[in-house]
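Please read the structure below before turning to the comments.
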Amino acid sequence: MEESRLCQWSVIRSVLAIVQWWGFNVTVIIMNKWIFQKLDFKFPLSVSCIHFICSAIGAYLVIKVLKLKPLISVNPEDRWRRIFPMSFVFCINIVLGNVSLRYIPVSFMQTIKSFTPATTVFLQWLVWRKYFDSRIWASLIPIVGGILLTSITELSFNMFGFCAALFGCLATSTKTILAESLLHGYSFDSINTVYYMAPFATMILAVPALLLEGSGVMEWFHTCPSLFSSLIIIFGSGVLAFCLNFSIFYVIHSTTAVTFNVAGNLKVAVAVTCSWLIFRNPISSLNAIGCAITLIGCTFYGYVRHKLSQQSPGTPLTPRTPRGKMELIPLVNEKLDDKV
Numbered sequence: 001m002e003e004s005r006l007c008q009w010s011v012i013r014s015v016l017a018i019v020q021w022w023g024f025n026v027t028v029i030i031m032n033k034w035i036f037q038k039l040d041f042k043f044p045l046s047v048s049c050i051h052f053i054c055s056a057i058g059a060y061l062v063i064k065v066l067k068l069k070p071l072i073s074v075n076p077e078d079r080w081r082r083i084f085p086m087s088f089v090f091c092i093n094i095v096l097g098n099v100s101l102r103y104i105p106v107s108f109m110q111t112i113k114s115f116t117p118a119t120t121v122f123l124q125w126l127v128w129r130k131y132f133d134s135r136i137w138a139s140l141i142p143i144v145g146g147i148l149l150t151s152i153t154e155l156s157f158n159m160f161g162f163c164a165a166l167f168g169c170l171a172t173s174t175k176t177i178l179a180e181s182l183l184h185g186y187s188f189d190s191i192n193t194v195y196y197m198a199p200f201a202t203m204i205l206a207v208p209a210l211l212l213e214g215s216g217v218m219e220w221f222h223t224c225p226s227l228f229s230s231l232i233i234i235f236g237s238g239v240l241a242f243c244l245n246f247s248i249f250y251v252i253h254s255t256t257a258v259t260f261n262v263a264g265n266l267k268v269a270v271a272v273t274c275s276w277l278i279f280r281n282p283i284s285s286l287n288a289i290g291c292a293i294t295l296i297g298c299t300f301y302g303y304v305r306h307k308l309s310q311q312s313p314g315t316p317l318t319p320r321t322p323r324g325k326m327e328l329i330p331l332v333n334e335k336l337d338d339k340v
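Number 232 in the numbering used here belongs to position 232 of the sequence shown; there are no gaps in the numbering.
Written out as structure tokens, the structure reads:
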């Protein structure tokens, strides 16, 4: 009886963790799109900067004041030599995501973001000369095919927004790969990651945001018809962006890797549906099919990674696989790819 209750509680906790993760993630995306489209606050650098400031304050409160998470110590030299480069890529990743949201619908942006596994594997193969099992390459085919079909049939296609989203995938992949080397020896969770990276990212972004968007923001301040409520929404999106990081920490400890992968792909479907209900951006049938193919491909990719991770170390290599260069599992950690 006791085991049955524990099992039921474990399932309930997993479901609650996934639902609150979905809620924060979808809400942040929708609010950012609302800020750019409905509030006419077309300043993605400033929005990103606000998110970093809120996240830095939130991480400080969680670790230093509330002490909900222990601080992982990093010596000052490593902060500049190892964490600063990560923060720079982290900053580019978030900015490109916000830039893409300004120009393309949420549905299209989220579909392109699903391209991240393919860009990660390709970068590791091209730059780091890592070799992957043929099943990994095969699992990328529906992802690439779905992205191509979605892009060709997107009714609200914008080249600048598309490029921003695509380079955002490359930045995410670079961040993941760099984390494997630069953060080697540090077991960072999502909150500690934000604690160290958000202040650096704010410092990196503050000057460009001021120079490129400062005058526009001041003009918006003087012309905005409902300034107080608009500022609440803008800063509220920053608070929710930090809550998203905390929800990722919770969901990682409440679900398995397979459950997280499937839930992550369903989350994209939820975000696409919610954005369509709110913004009513036109979606053709072929576009919806391309999005579905991409999500199925991502699920298949996650399944292949899981199967390969369960493979025993003694499994014989194929004749075509160089013994000293075999790399079965890509360095992709989807559990941390949603950090804002």
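Yeah, the Cβ is synthetic: ideal placement off N, Cα and C, and Gly gets one too.
DSSP-derived helix/strand/coil call for residue i
| i | result |
| --- | --- |
| Y196 | helix |
| Y131 | strand |
| T176 | helix |
| Y250 | helix |
| F156 | It is Ser, not Phe, that sits at residue 156 in the sequence shown. Three-state result, S156: coil. |
| R79 | helix |
| C74 | The question names Cys, yet the displayed sequence has Val at residue 74. Of the three classes helix, strand and coil, the one that applies to V74 here is coil, per DSSP. |
| S230 | helix |
| N281 | coil |
| P208 | helix |
| C224 | coil |
| K335 | Here K335 scores only 45 on pLDDT, less than 50, and its place in the model should not be relied on; the value that follows carries that caveat. Three-state result, K335: helix. |
| S190 | helix |
| T255 | coil |
| P319 | Confidence is the limiting factor: at P319 the pLDDT is only 39, short of 50, which leaves the residue's position unreliable and the question unanswerable from this model. |
| G314 | In this predicted model, G314 has a pLDDT of only 48, less than 50, meaning its place in the structure is not dependable; the value taken from the coordinates is given anyway. Coil, per DSSP. |
| L170 | helix |
| L66 | coil |
| K267 | helix |
| F24 | helix |
| F41 | coil |
| V15 | helix |
| M326 | Confidence at M326 is low in this model, with a pLDDT of 41, below 50, so the placement of that residue is unreliable and no value is reported for it. |
Top-ranked residue by Cα proximity to residue i, from the options
| i | options | result |
| --- | --- | --- |
| S215 | I204, F41, I50, M86 | F41 |
| S309 | L101, T174, I136 | I136 |
| I57 | T111, V89, M197 | M197 |
| G97 | M31, A263, A138, L166 | L166 |
| G161 | F108, Y131, T153 | F108 |
| I283 | L71, V106, P70, V11 | V106 |
| S230 | F24, A171, L39 | L39 |
| I152 | V304, P85, G168, G290 | G290 |
| R342 | A171, I177, C49, A209 | Nothing about residue 342 can be reported from this structure: the residues present for the chain run from 1 to 340 only. |
| R305 | S173, V95, D133 | D133 |
| M159 | G146, V99, A209 | V99 |
| H51 | V95, F300, P225, S254 | V95 |
| S55 | Y303, L16, G238 | G238 |
| F279 | P76, P208, M31 | M31 |
| I204 | I92, W220, G297, L140 | I92 |
| N265 | E77, L68, P117 | P117 |
| I391 | N281, S275, K267, L277 | Because the chain here runs from 1 to 340, residue 391 falls outside it and cannot be looked at. |
| Y301 | V144, P225, P70 | V144 |
| S285 | E154, V194, K175, T255 | E154 |
| Y303 | L66, S139, K64 | S139 |
| V251 | W22, Q8, K69 | W22 |
| T174 | P225, R81, S14, V121 | V121 |
The alpha helix (DSSP H) enclosing residue i, as first and last residue numbers
| i | result |
| --- | --- |
| F90 | 84-103 |
| N287 | 285-309 |
| F122 | 116-126 |
| S46 | 44-60 |
| K113 | 106-113 |
Whole-number beta carbon distance between residue j and residue i, since they are thought to touch under 8 Å
| i | j | result |
| --- | --- | --- |
| S114 | T259 | S114 to T259, Cβ: 18 Å. No contact. |
| I83 | V89 | Rounded, the Cβ-Cβ distance is 11 Å, inconsistent with contact. |
| R102 | P44 | 6 Å |
| S190 | N245 | 5 Å |
| I29 | A271 | 6 Å |
| V47 | I234 | 7 Å |
| N192 | I72 | 5 Å |
| A179 | M86 | 6 Å |
| V26 | C274 | 5 Å |
| C49 | I112 | Incorrect: roughly 23 Å between the Cβ atoms, too far for contact. |
Cβ of residue i within 8 Å of any chain E Cβ
| i | result |
| --- | --- |
| I35 | This model lacks chain E altogether; it includes just one protein chain. |
Cβ-heavy atom distance, residue i to the ligand ADP, below 7 Å
| i | result |
| --- | --- |
| F115 | The ligand ADP is not part of this structure, which contains no ligands at all. |
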